[in-house]
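Enquirer: One structure, as structure tokens, below. Some questions next.
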Amino acid sequence: MIESLRSFENVFKIPELKRRILMTAVLLVAYRVGAHVPTPGIDGHALGQFFDQVQGTLLGMVDLFSGGNLRRLSIFALGIMPYISASIILQLLTVVIPALERLAKEGEAGRKKITQYTRYSTIVLSVVQSLGIAYGLEGMRAPTGVSIVPTPGWGFRLLTMLTLTAGTALIMWIGEQISEKGIGNGISLIIFAGIVVRLPSAVSASYALISTGELKLFVFGVIVFLMIAVTAAVVLMQEGQRKIPVQYAKRVVGRRVYGGQSTHIPLRINTAGVIPVIFASSLILFPATVARFAGHPWLQALADALSPGHAMYTLLYCGLIIFFTYFYTAIVFNPIDLADNMKKYGGFIPGVRPGKKTAEYIDATLTRITLPGAVFLALISVLPDLLIRWVNVPFYFGGTSLLIVVGVALDTVRQMESHLLMRNYEGFLKRSRTRSGAFSRT
Numbered sequence: 011m012i013e014s015l016r017s018f019e020n021v022f023k024i025p026e027l028k029r030r031i032l033m034t035a036v037l038l039v040a041y042r043v044g045a046h047v048p049t050p051g052i053d054g055h056a057l058g059q060f061f062d063q064v065q066g067t068l069l070g071m072v073d074l075f076s077g078g079n080l081r082r083l084s085i086f087a088l089g090i091m092p093y094i095s096a097s098i099i100l101q102l103l104t105v106v107i108p109a110l111e112r113l114a115k116e117g118e119a120g121r122k123k124i125t126q127y128t129r130y131s132t133i134v135l136s137v138v139q140s141l142g143i144a145y146g147l148e149g150m151r152a153p154t155g156v157s158i159v160p161t162p163g164w165g166f167r168l169l170t171m172l173t174l175t176a177g178t179a180l181i182m183w184i185g186e187q188i189s190e191k192g193i194g195n196g197i198s199l200i201i202f203a204g205i206v207v208r209l210p211s212a213v214s215a216s217y218a219l220i221s222t223g224e225l226k227l228f229v230f231g232v233i234v235f236l237m238i239a240v241t242a243a244v245v246l247m248q249e250g251q252r253k254i255p256v257q258y259a260k261r262v263v264g265r266r267v268y269g270g271q272s273t274h275i276p277l278r279i280n281t282a283g284v285i286p287v288i289f290a291s292s293l294i295l296f297p298a299t300v301a302r303f304a305g306h307p308w309l310q311a312l313a314d315a316l317s318p319g320h321a322m323y324t325l326l327y328c329g330l331i332i333f334f335t336y337f338y339t340a341i342v343f344n345p346i347d348l349a350d351n352m353k354k355y356g357g358f359i360p361g362v363r364p365g366k367k368t369a370e371y372i373d374a375t376l377t378r379i380t381l382p383g384a385v386f387l388a389l390i391s392v393l394p395d396l397l398i399r400w401v402n403v404p405f406y407f408g409g410t411s412l413l414i415v416v417g418v419a420l421d422t423v424r425q426m427e428s429h430l431l432m433r434n435y436e437g438f439l440k441r442s443r444t445r446s447g448a449f450s451r452t
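What the sequence shown shows, in the working numbering, is residues 11 to 452, in sequence order.
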């Protein structure tokens, strides 16, 4: 405990790290302030009553990812989901369109071009989604019968489109600034902040349910235990690795001798982190939300089938998580490049030929260990929510929320750890420090 506090004190001894943390904090505060700026033309009280009625449904899950912005219909009501959806579309198109694939291989210039395309796609998706939300709001009423939009029409629709699209563009800019000048992945931190900020209200709501007897103390204890167990399991899987031994042959360069040492390649069980959960949630929420707002009977039936708690939603959600786990792992980890780098520096895996055979061996190993990681993500995402539905308890933090919160927290601590270790300070995670530095050659 004392060593952890000392490591935390070291954070503020590094000017660059201190500046990054302060920048991240300021941008997140700005995001939360914007979350309380309402969209014009909405009866906020009637909208709050409507969301109390749909708590635990598809709209409740969309509100969770937007950090409660949809419930208030703030300028950030769309959240970061249009940006994530656009990123998914561009990454999928990169695989099938040769021109985008060439751009992705052009290094920094190509990545900047793809990022620019992602921004344009985000704006287009935001316009479409905001128009759908405007149409949907005009037909909604609170349980008391009060209309959520007092003065419907094209004036309200255009104003809503402009406001929500501008809000999404601002969130996108905040996320990019956090990624460049702050700590960690800005998009993940924004989702993290939106979920964590609901913790005080969730605790007070649970206390109120226990006080009235609607929630039994034993059931609440089981839910808390389940949350702790999920947190421990996420940490275990996030830190789990498969170490592939690597031997380096001796090389003589001038008067110096290089190589001749043994090391290992740390392949993580869950290389993709929580990105598959975010991607899958975004992809399954977008068509279901549009279908719900459309008002057509068969589209309404589709939206109901894709709502949390239904069999189609559960199966599709699990399948998308497993798919995106493999998909994202293939994007961020290239066995061919790793094998080429090893061969260049005289490295080889004992019993495996350098080059193509090494790449195939690493790819096969990574494919095998990714499967339990993907299945774990899928089960943890849906199992707590299903259990909570079986006991009929309105609790605010399911498996998806915990996965994102714990995963993003671990990634952020790992980012801070790397800054500390670069300057010879003691890090937060002693065991992961040796793991992360075990294979620095490739």
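Glycine residues also receive a C-beta, built at the ideal position from the N, C-alpha and C atoms. Quantities reported herein were computed from a predicted structural model and do not represent experimental measurements.
Using a Cβ-Cβ cut-off of 8 angstroms (strictly less than) and excluding sequence neighbours within five positions of L412, which residues of its own chain qualify?
Expert: Excluding positions up to five away in sequence, the list reads M237, V240, T241, V244, I390, P394.
Enquirer: Taking the straight line between their C-alpha atoms, what separation do you get for G66 and I52?
Expert: Annotation note: pLDDT 49 at G66 (below 50); position unreliable, no value reported.
Enquirer: Check this for me: beta carbons of Y338 and F289, under 9 angstroms apart or not?
Expert: Taking 9 angstroms as the Cβ cut-off, Y338 and F289 qualify as a contacting pair.
Enquirer: Which class does V244 belong to by DSSP, given the choice of helix, strand or coil?
Expert: Note: V244 maps to helix in three-state DSSP.
Enquirer: Near A56, what residues of its chain come up, given a Cβ to Cβ distance below 8 angstroms and the 5 sequence neighbours on each side ignored?
Expert: Excluding residues within five positions, the ones whose Cβ falls inside 8 angstroms are R151, A152, T154, V156, S157, I158.
Enquirer: State the Cα-Cα distance for the pair R208 and T380, rounded to the nearest angstrom.
Expert: For R208 and T380, the distance between alpha carbons rounds to 32 angstroms.
Enquirer: Sort out for me which residues DSSP pairs R151 with in a bridge.
Expert: R151 is bridged to S157.
Enquirer: Between I90 and I181, which are expected to be in contact by the criterion C-beta below 8 angstroms, what is the C-beta distance as a whole number of angstroms?
Expert: Confirmed, about 5 angstroms.
Enquirer: Output the distance between the C-alpha atoms of P50 and G204, rounded to the nearest integer angstrom.
Expert: Rounded to the nearest angstrom, the two C-alpha atoms are 22 angstroms apart.
Enquirer: So who's on the other strand from F358, going by DSSP bridges?
Expert: For F358, which the question treats as bridged, DSSP gives the partners Q257.
Enquirer: Three-state secondary structure (DSSP) at G66?
Expert: The predicted position of G66 is uncertain, since its pLDDT is 49 and thus under 50; a value taken from the coordinates is nonetheless stated next. It is coil, neither helix nor strand.
Enquirer: Can at least three beta-carbon pairs, one atom from the region 125 to 137 and one from the region 83 to 97, be found at a separation below 8 angstroms?
Expert: Short answer: they touch.
Enquirer: Going by DSSP, what residue range makes up the alpha helix (DSSP H) through R30?
Expert: Unbroken alpha helix (DSSP H) run through R30: 25 to 44.
Enquirer: How about I254 and I372: are their beta carbons less than 9 angstroms apart?
Expert: Their beta carbons are under 9 angstroms apart, which means I254 touches I372 by this criterion.
Enquirer: Among the candidates F333, S140, K366, whose CA atom is the shortest distance from the CA of D347?
Expert: The option with the nearest alpha carbon to D347 is K366.
Enquirer: In whole angstroms, give me the CA-to-CA distance for V206 and E116.
Expert: Each residue's alpha carbon lies about 38 angstroms from the other.
Enquirer: What residues are listed by DSSP as bridge partners for I275?
Expert: Looking at the DSSP assignment, I275 forms a beta bridge with I254.
Enquirer: Identify whether P48 lies in helix, strand or coil by the three-state DSSP scheme.
Expert: Residue state, collapsed to three classes: strand.
Enquirer: Considering only the alpha carbon of each residue, which of I24, G177, L102, I31 lies closest to L293?
Expert: Considering only alpha carbons, the answer is L102.
Enquirer: Go ahead and label G165 buried or exposed: buried means 16 or more other beta carbons lie within 10 angstroms of its beta carbon, across all protein chains shown.
Expert: Exposed, because fewer than 16 other Cβ atoms sit within 10 Å of the Cβ of G165.
Enquirer: Within 10 angstroms of its Cβ, does P382 collect 16 or more other Cβ (buried), or is it exposed?
Expert: Exposed.
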